[in-house]
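What follows is a single structure, written as structure tokens, with notes after it.
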Amino acid sequence: MAKVAFIGLGVMGYPMAGHLKTRGGHDVTVYNRTTAKAEKWAAEFGGNFAQTPREAAEGADFVFCCVGNDNDLRSVTTGPDGAFHGLKSGAIFIDNTTASAEVARELYAAAKDKGCGFIDAPVSGGQAGAENGVLTVMCGGDQDIFDKAKPVIDCFAKFSGLMGEAGAGQLTKMCNQICIAGLVQGLSEAVHFAKKADLDVAKVISAIRGGAAQSWQMENRWETMKDGKFDFGFAVDWMRKDLGICLQTANETGARLPVTALVDQFYAEVQAMGGKRWDTSSLIARLENADKK
């Protein structure tokens with residue numbers, strides 16, 4: 000059993016912190032910007048809650064974090080009352096936020112200056128993956144630090160692996176989001192095309208799902224996409240944030256992402272339709288909406 004802190008109890012962080020307590024049996028203290036949510040978590044899982052990130056991190060062996068973006072991350076780590084001010088020597092900070100590789104490298108260096116370890120460890124698997132404890136965790140950092148953190152990370156993961164040095168976890172998550180953007184657009188167009196051609200969409204999916212067209216998106220989202228239901232996880236606002244990081248990094252590295260840039264603009268259209276909190280499969284709504292104009 001280790002002393003663990005978890006900062007950020009959103010739809011992902013709340014169950015992830017819970018698994019650290021229930022599966023891992025760790026002594027867990029949580030922090031959330033809205034204290035009522037931290038109190039609720041502590042009551043549900045039998046852990047503790049802190050009033051600041053610094054307080055949560057004090058004395059902890061491992062500190063996890065899952066917040067919104069680079070600025071949020073800097074605020075809860077190196078900002079006033081940030082967790083880095085409470086880290087003890089030898090502690091390991093594991094950041095599950097999807098953020099930039101730049102901030103990952105920045106915080107890796109800041110942690111090292113304090114005699115601590117840092118792992119950038121963004122996750123994939125969505126809300127359901129967090130709730131079921133079967134996330135994929137893509138990590139960047141030092142091998143020895145990862146080896147120490149892995150058994151704790153695995154409390155909420157079906158896979159965790161070291162992708163490379165600091166920032167490599169975030170870069171790998173960008174690859175994940177680039178793939179998803181293209182897959183969802185392709186599936187949206189296929190379902191939309193089948194409907195316009197007066198095909199039975201269920202029969203079409205049954206015919207093609209066992210071949211090269213198969214994907215997680217097809218298996219889990221074709222039916223709700225057909226029915227115009229988009230309340231099943233990762234929001235368009237968050238996807239645009241992630242794709243923005245991808246495109247900015249591509250500009251810095253010289254990578255070419257023409258399809259990703261196009262799909263990002265399609266998501267902007269979904270936002271303009273009022274779909275900011277719809278899940279990412281809502282790309283089809285843009286195609287269906289064109290019929291109404």
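For the sequence shown, position 2 (counting from the first letter as 1) is numbered 1 according to numbering that gives the first Met the number 0, and the numbering increases by one without interruption.
Glycine included, each C-beta is placed from N, C-alpha and C at the ideal position.
Only a predicted model underlies this, so the values are computations on that prediction, with no experimental measurement involved.
Looking only at C-alpha atoms, which of the options sits nearest to residue i?
i: Gly89; options: Gly168, Asn288 and Gly116; result: Gly116
i: Ala120; options: Glu164, Asp80 and Trp40; result: Glu164
i: Cys138; options: Pro79, Phe63, Val190 and Gly125; result: Phe63
i: Glu188; options: Ala260, Ala98, Gly140 and Ser281; result: Ser281
i: Thr21; options: Val151, Gln264, Met173 and Ile177; result: Val151
i: Ala129; options: Ile179, Arg276, Pro14 and Gln270; result: Pro14
i: Val183; options: Ala212, Ala41 and Lys157; result: Ala212
i: Lys147; options: Arg32, Ala267, Trp277 and Phe61; result: Phe61
i: His84; options: Ala37, Gly114, Asp230 and Leu161; result: Gly114
i: His191; options: Asp26, Glu287 and Asp263; result: Glu287
i: Asn95; options: Gly253, Gly7, Ala206 and Ala201; result: Gly7
i: Lys157; options: Ala127, Ala284, Trp277 and Ile118; result: Ala127
i: Phe92; options: Ser123, Ala55, Gly124 and Ala254; result: Ala55
i: Lys149; options: Gly125, Ile118, Glu268 and Cys174; result: Ile118
i: Gly23; options: Val10, Cys174, Val3 and Thr34; result: Val3
i: Ile144; options: Lys111, Ser74, Met173 and Pro52; result: Lys111
i: Lys194; options: Ala41, Ile283 and Thr259; result: Ile283
Since I believe residue j is in contact with residue i (beta carbons under 8 Å), could you give me their beta-carbon distance rounded to a whole number of angstroms?
i: Lys87; j: Gly58; result: 6 Å
i: Leu72; j: Val102; result: 6 Å
i: Trp221; j: Leu198; result: So it is not a contact: roughly 13 Å between Cβ atoms.
i: Lys225; j: Val200; result: 5 Å
i: Ala100; j: Gln142; result: Incorrect: roughly 18 Å between the Cβ atoms, too far for contact.
i: His18; j: Phe155; result: 4 Å
i: Ala249; j: Leu242; result: Not confirmed; about 10 Å, so no contact.
i: Asp80; j: Thr34; result: Their Cβ separation, rounded to whole angstroms, is 14 Å, which puts Asp80 and Thr34 out of contact at 8 Å.
Please state the DSSP three-state secondary structure of residue i.
i: Phe117; result: strand
i: Met15; result: helix
i: Ala1; result: coil
i: Ser123; result: strand
i: Ala59; result: coil
i: Val200; result: helix
i: Ala129; result: helix
i: Ser187; result: helix
i: Lys240; result: helix
i: Leu256; result: coil
i: Lys195; result: helix
i: Gly163; result: strand
i: Asn47; result: strand
How about residue i and residue j: are their beta carbons less than 9 Å apart?
i: Ala49; j: Val29; result: yes
i: Thr279; j: Gly227; result: no
i: Gln176; j: Cys65; result: no
i: Gly160; j: Phe229; result: no
i: Ala180; j: Val262; result: yes
i: Arg239; j: Gln270; result: yes
i: Gly46; j: Ala16; result: yes
i: Trp237; j: Thr76; result: no
i: Gly166; j: Arg104; result: yes
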